[in-house]
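Numbering (the working numbering), first residue to last: 108 to 561. Each residue gets a CB set at the ideal place from its N, CA and C atoms; glycine is no exception.
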């Protein structure tokens, strides 16, 4: 979750129809042995003798890793787990004992039943999904797949503190599939049909594939819907890969060759530009989806569905302006600073990076200070800057008084707006865009279309 929040619950993993405590213990033991073995290989006292005595044993793996046939390191989420078990591990909302979970000091984990309905209601109302439910509702997080990449978290979810969105998607899906929770939601005016099922997924932004979780729990009656969903996701992945291929320098290849290339990039430990992630981000738009439907925003805008007429008390607007808007500004400023002054705010040449202290940070070469920000290869393709350094333009369709009230009550938001760290624009009821000035006044920006404003 965003680092501006403090997590209130510890959610445990469970093995479906298996010995959960035994699996957890084996995983701890394997991870411990792997960590000790890695420490031995890399320690100053043993690294040279290890290479001289056992280096040739690693020859075949070195060859297959270099050719992209194998992955140099295990998938993080499946590390320490037997492959056949990885698909049977999911999240549970229930409390578990310390031996069965990652809890410590007597913590039980899970979400208390008394809290579940309230959280489910807030989640659905914040997404404005309160009616007209489909039979299958996909909740997708996003993450990246790369190897040998000290900046991997920069390609994962900024709203998940540099992790993937898998955990969030799976927990929310489990929450909304709970029959007791659905009964409580119906009392509060949100009726989810009995034949609706929430499914969690993870969009891999390197390969543009979507992995679906816990599909074995989907009711058999929805089998055709699940097959249709898989087909749509495969088609969407093909289209997205072809659209992104030009930026990756492989635009002239046929679709199957592009697919093979992007998958190979995700496993290539010499690849310095596995994906462009959020490079060239420029705008954050919180408005009804109809405002941007059909527009080609070039992958430069964060989109947030928001309908102010349904936001009683403007609690959702306050959440948007104090959380997603702030996180989007962090991302924008990271790219902005890394471009305008890479020496101070970026991390220089990725090819020269050395990871320091195991995971403390990176040095450029063999000395100097720890480097911060993004490497040049995440900003420049060798010929031109891929990221255009612009301050974030935030478009929100909401009443002026409500936005002014939120700015006045939150110092962080007020500092961002009035000190010019972002550009706040309001889409008025007359479909005119107004820009907020430092003194608190709003300036009419003209009867421009949203696409032109962005």
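Starting from residue i, follow the alpha helix (DSSP H) in both directions and report where the run begins and ends.
i: residue 158; result: 154-161
i: residue 492; result: Per DSSP, residue 492 belongs to no alpha helix (DSSP H) and is neither H nor E.
i: residue 311; result: Note, residue 311: premise wrong, no alpha helix (DSSP H); beta strand (DSSP E) at 304-311.
i: residue 408; result: Element bounds for residue 408: not the alpha helix (DSSP H) but the beta strand (DSSP E), 408-412.
i: residue 230; result: 220-233
i: residue 427; result: 422-429
i: residue 169; result: 166-173
Hey, could you find the ends of the beta strand (DSSP E) residue i is sitting in?
i: residue 198; result: 196-199
i: residue 248; result: 243-250
i: residue 396; result: Careful: residue 396 lies outside any beta strand (DSSP E) and carries neither H nor E.
i: residue 319; result: 316-319
i: residue 254; result: Taken as a continuous stretch (DSSP letters only), residue 254 belongs to no beta strand (DSSP E), as it is neither H nor E.
i: residue 503; result: 499-503
Determine the closest residue to residue i out of the options, with distance taken between C-alpha atoms.
i: residue 121; options: 134, 111, 110 and 112; result: 134
i: residue 141; options: 159, 359 and 188; result: 188
i: residue 237; options: 419, 290, 299 and 341; result: 299
i: residue 467; options: 118, 257, 536 and 399; result: 257
i: residue 380; options: 123, 356 and 533; result: 356
i: residue 251; options: 234, 416, 245 and 270; result: 270
i: residue 488; options: 358, 354, 350 and 437; result: 354
i: residue 291; options: 306, 350, 246 and 220; result: 220
i: residue 648; options: 504, 358, 304 and 365; result: Because the chain is modelled from 108 through 561, residue 648 falls outside the range shown and cannot be assessed.
i: residue 261; options: 331, 441 and 552; result: 441
i: residue 259; options: 469, 508 and 423; result: 469
i: residue 263; options: 311, 325 and 480; result: 311
i: residue 425; options: 277, 162, 510 and 182; result: 510
i: residue 346; options: 228, 522 and 365; result: 365
i: residue 615; options: 534, 228, 227 and 383; result: Shown here, the chain extends from 108 to 561; a query on residue 615 therefore has no answer.
i: residue 537; options: 186, 506, 325 and 544; result: 506
i: residue 228; options: 321, 285, 523 and 497; result: 285
i: residue 484; options: 378, 247 and 331; result: 378
i: residue 112; options: 232, 174, 515 and 431; result: 431
i: residue 499; options: 477, 525 and 436; result: 436
Going along the chain, which residues of its own chain have a beta-carbon closer than 7 Å to the beta-carbon of residue i, five neighbours each way excluded?
i: residue 180; result: 254
i: residue 517; result: 429
i: residue 334; result: none
i: residue 332; result: 242 and 243
Using 7 Å as the cut-off, classify the Cβ of residue i as near or not near the heavy atoms of the ligand FMN, replying yes or no.
i: residue 441; result: Inclusion of the ligand FMN in the displayed structure is not the case, the ligand content being empty and no account of it being possible.
Taking the straight line between their C-alpha atoms, what separation do you get for residue i and residue j?
i: residue 114; j: residue 446; result: 33 Å
i: residue 137; j: residue 128; result: 14 Å
i: residue 490; j: residue 372; result: 20 Å
i: residue 272; j: residue 530; result: 28 Å
i: residue 157; j: residue 343; result: 47 Å
i: residue 472; j: residue 461; result: 6 Å
i: residue 390; j: residue 339; result: 28 Å
i: residue 502; j: residue 282; result: 31 Å
i: residue 314; j: residue 194; result: 20 Å
i: residue 217; j: residue 427; result: 26 Å
i: residue 548; j: residue 455; result: 40 Å
i: residue 150; j: residue 474; result: 19 Å
i: residue 532; j: residue 458; result: 40 Å
i: residue 119; j: residue 159; result: 43 Å
i: residue 161; j: residue 376; result: 21 Å
i: residue 348; j: residue 384; result: 13 Å
i: residue 396; j: residue 451; result: 39 Å
i: residue 358; j: residue 406; result: 17 Å
i: residue 268; j: residue 327; result: 36 Å
i: residue 240; j: residue 167; result: 52 Å
i: residue 274; j: residue 201; result: 15 Å
i: residue 542; j: residue 508; result: 14 Å
With a threshold of 8 Å on Cβ separation, who are the neighbours of residue i within its own chain once the five nearest residues in sequence on each side are excluded?
i: residue 178; result: 172, 254 and 374
i: residue 486; result: 386, 442, 445, 446, 449, 453, 492, 493 and 494
i: residue 318; result: 308, 309 and 311
CB-CB under 6 Å to residue i, same chain, minus the five flanking residues each way: which ones, in chain order?
i: residue 302; result: 242
i: residue 266; result: 109 and 434
i: residue 513; result: 425 and 428
i: residue 482; result: 454 and 457
i: residue 116; result: 218
i: residue 124; result: none
i: residue 321; result: 197
Strictly under 8 Å for the Cβ-Cβ distance: is residue i near chain C by that measure?
i: residue 399; result: Judged by its chain identifiers, the structure shown contains no chain C, having just a single protein chain.
Ordered list of alpha helix (DSSP H) runs contained in the segment 432-481, each at least 4 residues: 449-452
Item to complete: Would you list, in sequence order, the uninterrupted alpha helix (DSSP H) runs of no fewer than 4 residues that lie entirely inside the segment 123-153?
Response: Whole alpha helix (DSSP H) segments, 4+ residues: 127-149.
Item checked: Length at least 4, wholly inside the segment 256-296: the alpha helix (DSSP H) runs in chain order -> 273-284 and 286-294
Point to revise | Complete beta strand (DSSP E) runs within the segment 508-553 (minimum length 3 residues, chain order) | key: 529-534, 540-543 and 549-551
Could you tell me which whole alpha helix (DSSP H) segments of length 4 or greater appear in the segment 342-405?
Segments of the alpha helix (DSSP H) lying fully in the segment 342-405: 362-374.
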